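Notes to accompany the following structure.
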Amino acid sequence: MFSARAVCLLLIVYFLQTSKADDACDEGAWSNRDPYCYQFEFMPKMWTSARDNCHQSMMMGFMADVNSSDVQSFLDFQTGPVDYWIGLNSLKTQGQWEWDVPDGAAYSHLDGYTNWAPGEPANDPNLRCVQVRHSGSNMGLWYATDCEQTLPYFCQELKSVYATTSTPPSTSRTPTTLTPPTNPATPTGCPDGWHSSQVVSNKCYYVAAQKNIWFDAEAFCTKAGPNAHLTSITSAYENANVDAVVTSTPSISECDQFWIGGNDFDQDGQFVWEDGSPWGYTKWAQGQPDTTQQCVSSTARANGQWKTENCGIKNCFICEMTMSG
């Protein structure tokens, strides 16, 4: 149980935090540096409840991924002397520590930055979630902990989700025809009407509100400029970025599905990206993929899930282009 003093301290931290929130983040969230926003949740929860709240309360949110001493120091500074959950856990397999990231696409930093206390992580099947402890002598170190303990926690989110949705571009930035980008017209290096990726270096996106069959959509994209195709999506972070770009695009109210570059033309059930990117990350909707259909679309405006469809259906679509230099 938290003492009255501890609860007061948590409330003070919370109000200090919200008063200094970053303009590029959601209300009440803090930014360390590009590309993330962090939200400190002072109300104690069990680890799994904290995780679920991060996933549901923030757009594409997840529990804090502490991948450097800089991030660790930043989070510690926001909380003061308060113990809190981070996203590291071994719930899937005992002894295999993973971070909570979008869509459960867990990955490990255990070959890089760690901040375990001496003797940690404990080899105990009942201690499978990680807290940063500020009580006792080992301040700010990581401890394997019973996941049913209740603690405050940090949620984390791509800053670009808010940066791209907070100031939607005007309709003049979405031309009905495309020309090769000989003179990029935006500070991001992308042509006018295109959106700079916050995840993939030198990548730009264009959201087409007009509907075409998959093949015509791909042809439209390739005519837009060198290295242009229907977009590939190779990570959960990029999927979240594409969702945010689509949401910020005007005149898409009639778009339910968006063609992306995935297809299995060469071999049924063996999907590839048209731009040649490696096929690894996926976000199939329940019951997908339907291998009787060959082209992949995304419900990018809703939840970013994918499905296969008849390539002859007309959908809105998302182009990508890699800028040189």
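Per mature numbering (1 follows the signal peptide of the UniProt record, and there is no 0), the sequence shown runs over residues -21 to -1, 1 to 304.
The beta-carbon is built from N, C-alpha and C at its ideal position, and this holds for glycine as well.
Computed from a predicted model, the values in this text were never measured in an experiment.
Around Thr72, the same chain offers no residue with a beta carbon nearer than 7 Å, after the five sequence neighbours per side are excluded. In this structure, Gln273 lies near Asp243, with their beta-carbon atoms less than 9 Å apart. In the DSSP assignment, His113 falls outside any alpha helix (DSSP H) and carries neither an H nor an E.
DSSP places Trp258 in the coil class of the three-state scheme, outside both helix and strand. Trp238 and Tyr185 have their C-alpha atoms roughly 12 Å apart. Boundaries of the alpha helix (DSSP H) harbouring Glu217: Ala215 to Thr226, taken from the DSSP string.
DSSP, reduced to helix, strand and coil, places Trp193 within a helical segment of the structure shown. Listed in chain order, the non-local C-beta contacts of Pro60 below 6 Å within the same chain comprise His113, local neighbours out to five positions each way being set aside. Nearest C-alpha to Asp103 among Ala279, Asn68 and Tyr132: Asn68. By the Cβ neighbour-count rule, Gly255 is exposed, with fewer than 16 other Cβ atoms within 10 Å of its own. Taken in chain order, the unbroken stretches of beta strand (DSSP E) that lie wholly in the region 37 to 86 and span 3 residues or more are 63 to 68. Take the alpha-carbon of Asn294 and the one of Ile192: they are about 6 Å apart. With a contact defined as Cβ atoms closer than 8 Å, Cys290 and Glu136 miss out at about 34 Å. Following the DSSP letters along the chain, one finds Gly291 in no beta strand (DSSP E), marked with neither H nor E. If you draw a 10 Å sphere on the C-beta of Phe199, you find 16 or more other C-beta atoms in it, and that means buried. Counting the other CB atoms within 10 Å of its CB gives Gly115 a total below 16, which places it among the exposed residues.
Per DSSP, the unbroken beta strand (DSSP E) holding Ser277 starts and ends at Cys274 to Ser277.
Between Ala196 and Thr228, the C-beta spacing is not below 9 Å. Inter-residue distance for Gln110 and Leu54 is about 12 Å (C-alpha atoms, whole angstroms). At least 9 Å separates the beta-carbon of Asp44 from that of Gly74. Gln35 carries a helical assignment under DSSP once its states are collapsed to helix, strand and coil. Of the candidates Phe194, Lys24 and Phe41, the residue whose Cα lies closest to the Cα of Leu209 is Phe194.
With contacts defined as CB atoms closer than 9 Å, Pro131 and Pro23 qualify as a contacting pair. In this structure, Leu106 and Thr124 form a Cβ contact; the two beta carbons are roughly 6 Å apart against a cut-off of 8 Å.
Beta-bridge partners assigned by DSSP to Ala207: Met300.
For Ala188, the secondary structure class from DSSP, reduced to helix, strand or coil, is strand. By the C-beta density criterion, Met300 is buried, having at least 16 other C-beta atoms within 10 angstroms.
Per DSSP, Val178 has no beta-bridge partner at all. When only Cα atoms are considered, Ala29 and Met42 end up about 8 Å apart. Straight-line spacing of the CA atoms in Ala207 and Tyr63 works out to 45 Å. The alpha-carbon separation between Tyr122 and Ser214 amounts to approximately 29 Å. Taking a 10 Å sphere around the C-beta of Asn282, we find fewer than 16 other C-beta atoms and assign the residue as exposed. Here Gln284 is not bridged, per DSSP, to any residue. A residue is called buried when at least 16 other Cβ atoms come within 10 angstroms of its Cβ; Gln177 meets this threshold and is buried.
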